[in-house]
């Protein structure tokens, strides 16, 4: 029998610039995991399985991380799925509850990153992104570093195809930096004007530095449980149900359409979103608040379209209409998003879940979206995988 899945506890650390705080990944995991357990009001010995995500680290760092919370002999699965690692851990933890394997699971993610742009660790073998980069180099001249090149190239394609402007992408950076001012967990909490965002150092294509997510240290954690566990522990008033969830990896269209937009995952996102809408029984027009993967401002705009918030080519109009901020149709990235909150790869998806849980509980303080009842999460990693998740409060 398929079980319902509920978020019953969330926790995260403040995201920091690499080296900005004297801590190691076990310290991060202990802080985020303890907060999530305390939020749920359960002890670690109630956890049946743990899924621990990180991108940069040794093979059993997941065990070392959760040993800070307890050592009960449970299965601990180490997860690495590039920038979607955190939401992949969430997906697996939810799958364990949904299937009846465990009545309560932990998804935890962390990252201790090096300063500067992302780099490779193993240079004696083919890089997993090589096929994507070679395909993109056939469309637009190769540039370094790879991540802003890929997402900047997708932005350039959108501009050429639909007339989207550099100013529209920059407005997304303005919005997310403004949102982060109210987020005590954010790496940056400073507003910038449109002129300042546009005048910042150009990275690639329409992207300036203030439209790019930084490398970050930090951790996030989520406790999931089934309906019986929620009832037995009196958690219904704070539980948030996962009403739809889908993971999609690269498809033929990623490479066959000769599109930079598809090479950075828009087709994956669209397929995953449609699966979630079908499972959850709601559409994009009914969503109130969204945390999506704005690793670069260009990807936020592309994701508006992939999630079905508007038709292809109309993302710039949503920006100009202020449709994705407070007072608009949706509030997108009230946390400040990856651009301003930060992007410790293994923790990002769990931080998104934490923010949406607070929003649906009505406890997001100055970031609170009035009347938030339906939330949507989007987390993507190139190479590639995307996880989209839909949420509702359990008691509404």
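Residue numbers (the UniProt record's numbering): 1 to 396. Where a beta carbon is used, it is the ideal one built from N, C-alpha and C, also for glycine. This structure is a prediction, so every number in the text was calculated from the model and none was measured.
Indicate whether residue i and residue j have their beta-carbon atoms separated by less than 7 angstroms.
i: residue 394; j: residue 289; result: no
i: residue 211; j: residue 291; result: no
i: residue 296; j: residue 194; result: no
i: residue 29; j: residue 110; result: yes
i: residue 223; j: residue 9; result: yes
i: residue 94; j: residue 202; result: no
i: residue 172; j: residue 300; result: yes
i: residue 340; j: residue 32; result: no
Give the single residue among the options whose Cα lies nearest to the Cα of residue i.
i: residue 38; options: 127, 49 and 12; result: 12
i: residue 407; options: 4, 248 and 174; result: Given that the chain is displayed from residue 1 to residue 396, the structure contains no residue 407 and the question cannot be resolved.
i: residue 303; options: 321, 328, 67 and 272; result: 272
i: residue 379; options: 84, 53 and 50; result: 84
i: residue 197; options: 169, 357 and 329; result: 169
i: residue 367; options: 388, 337, 344 and 383; result: 337
i: residue 400; options: 153, 99 and 189; result: Since the first residue shown for the chain is 1 and the last is 396, residue 400 is missing from the structure and cannot be characterised.
i: residue 320; options: 67, 75, 167 and 121; result: 167
i: residue 146; options: 160, 24, 54 and 128; result: 128
i: residue 249; options: 387, 189, 285 and 96; result: 387
i: residue 261; options: 88, 133 and 103; result: 133
i: residue 253; options: 247, 184, 268 and 70; result: 268
i: residue 53; options: 77, 47 and 71; result: 77
i: residue 357; options: 237, 279 and 317; result: 237
I need the straight-line Cα distance from residue i to residue j, nearest angstrom please.
i: residue 215; j: residue 20; result: 11 angstroms
i: residue 342; j: residue 107; result: 19 angstroms
i: residue 307; j: residue 199; result: 30 angstroms
i: residue 310; j: residue 22; result: 44 angstroms
i: residue 229; j: residue 56; result: 34 angstroms
i: residue 156; j: residue 305; result: 16 angstroms
i: residue 392; j: residue 62; result: 29 angstroms
i: residue 49; j: residue 225; result: 11 angstroms
i: residue 114; j: residue 232; result: 44 angstroms
i: residue 179; j: residue 335; result: 6 angstroms
i: residue 80; j: residue 384; result: 11 angstroms
i: residue 160; j: residue 327; result: 30 angstroms
DSSP state of residue i, grouped into three classes?
i: residue 337; result: helix
i: residue 186; result: coil
i: residue 197; result: helix
i: residue 280; result: helix
i: residue 63; result: helix
Any heavy atom of the ligand SAM inside 6 angstroms of the beta-carbon of residue i?
i: residue 254; result: This structure does not include the ligand SAM; it has no bound ligands of any sort.
I need the boundaries of the beta strand (DSSP E) containing residue i, first residue and last residue.
i: residue 51; result: 49 to 53
i: residue 127; result: No beta strand (DSSP E) holds residue 127; DSSP gives it neither H nor E.
i: residue 160; result: It is not in any beta strand (DSSP E) - residue 160 instead sits in the alpha helix (DSSP H) that spans 146 to 162.
Indicate whether at least one CB of chain B lies closer than 7 angstroms to the CB of residue i.
i: residue 307; result: No chain B is present in this structure, which holds just one protein chain.
Quick one: give me the first and last residue of the alpha helix (DSSP H) that residue i is part of.
i: residue 255; result: 252 to 256
i: residue 297; result: 297 to 306
i: residue 172; result: 166 to 180
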